[in-house]
Amino acid sequence: MAASPSVFLLMVTGQVESAQFPEYDDLYCKYCFVYGQDWAPTAGLEEGISQIASKSQDVRQALVWNFPIDVTFKSTNPYGWPQIVLSVYGPDVFGNDVVRGYGAVHVPFSPGRSLYENICFRHKRTIPMFVPESTSTLQKFTSWFMGRRPEYTDPKVVAQGEGREVTRVRSQGFVNLLFNVVTKDMKKLGYDTGPVDTQGVLGPSLPEGNPQ
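So the sequence shown is residues 26 to 237, counted in the working numbering.
Okay, here's the thing in C-alpha cells:
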C-alpha cells in the first residue's frame, strides 16, 4: 500500500508579458515571490530581472518583455499561498534608475482544467501598479531634484498588509502576467481548489515547440 504524501507541490510557469506606462519608456521589471513559513522552493528561480523594453510603435504603446517565470514550491498547507511581487524601473530626466511601479498578485489557486491530456489552461492577470509618494511638496521637489524618488527598501513589503495603511501612494501603469499552474497531491491531503474560475483564463496552451 502506497504511503500518503506529506507535502503537495505547486508548479508555476508563465511570463511577465507586457506593460502599459504611457508616460515612460525604456523600462525593465524585477520579480520575486513571497510565501508563508510552511512553503519552500524546490526548483526554478524565485526572482529575476528582465531586459529593458521600449514602447511598441502601434497605438497600444506596450512595453513587451515576455520574461519567463518557472518555479516549483512544496508545502504542507495552503496558508501563505505564494504571491509574485513586481517592481518596474526606468530612467528619469537625469538618467537615474527610479521606480516606476510596484504591484503584487497571488499565484492562481486553481490549476485549470482541459479536455486535452498534458495541456493546462493559462491564467492571465493584469496588475495595477503604484508608486510611493512624498508627503509634502517640498519633499517632492527635493526628491525630483536629487534624483532619489521614494521607494521601498524591500519590495516584498508590497505583498504584506502591515504598515501599508500609512503609506501614501499613487496609481501608475499596468503589468500583464501569464500563469500556467499545476498542482500535485493537494486532493490527497484534503485540499480541493474547486472548479476553475473562467474569468481571466485563456484557452488551452499548446505544448512547447508548437506554434501558437
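Each residue gets a CB set at the ideal place from its N, CA and C atoms; glycine is no exception.
Considering residue i, what are the terminal residues of the beta strand (DSSP E) in which it resides?
| i | result |
| --- | --- |
| threonine 38 | 33-45 |
| proline 66 | 64-69 |
| asparagine 102 | Neither: asparagine 102 is in no beta strand (DSSP E) and is coded neither H nor E. |
| proline 116 | 108-116 |
| glycine 126 | 122-131 |
| phenylalanine 1 | Residue 1 is absent from the structure shown; the chain starts at 26 and stops at 237. |
| valine 59 | 53-59 |
Between residue i and residue j, what straight-line distance do the alpha-carbon atoms span, to the nearest angstrom?
| i | j | result |
| --- | --- | --- |
| arginine 85 | phenylalanine 46 | 10 angstroms |
| valine 96 | isoleucine 77 | 23 angstroms |
| glutamine 11 | methionine 211 | For the chain, the structure presents residues 26 to 237; residue 11 sits outside this window and is missing. |
| phenylalanine 155 | serine 43 | 16 angstroms |
| asparagine 205 | proline 136 | 7 angstroms |
| valine 207 | valine 132 | 11 angstroms |
| arginine 125 | glutamine 108 | 20 angstroms |
| glycine 198 | serine 29 | 46 angstroms |
| tryptophan 64 | lysine 209 | 14 angstroms |
| leucine 111 | glycine 215 | 32 angstroms |
| proline 116 | proline 66 | 33 angstroms |
| leucine 202 | tyrosine 49 | 19 angstroms |
| arginine 138 | arginine 147 | Its pLDDT being 45, under 50, arginine 138 is placed unreliably by the model, and the measurement read from it follows with that caveat. Roughly 10 angstroms between the two C-alpha positions. |
| aspartate 51 | leucine 34 | 37 angstroms |
| glutamine 82 | tryptophan 90 | 15 angstroms |
| tyrosine 114 | isoleucine 74 | 10 angstroms |
Can you have a look at residue i and say buried or exposed, based on whether 16 or more other CB atoms are within 10 angstroms of its CB?
| i | result |
| --- | --- |
| aspartate 217 | exposed |
| valine 41 | buried |
| asparagine 143 | Only weak support is given to the placement of asparagine 143: the predicted model assigns it a pLDDT of 45, under 50, and the value that follows is read from those uncertain coordinates. With fewer than 16 other Cβ atoms within 10 Å, it is exposed. |
| glycine 105 | exposed |
| leucine 70 | exposed |
| phenylalanine 98 | buried |
| leucine 140 | Reliability of the predicted coordinates at leucine 140 is poor, the pLDDT of 39 falling under 50, and no value is obtained from them. |
| threonine 238 | As shown, the chain starts at 26 and ends at 237. That puts residue 238 outside it, with no answer to give. |
Helix or strand or just coil, what does DSSP make of residue i?
| i | result |
| --- | --- |
| alanine 184 | helix |
For this session: Mind listing, in chain order, the continuous beta strand (DSSP E) runs of no fewer than 3 residues lying wholly within the segment 187-211?
Result: 194-209
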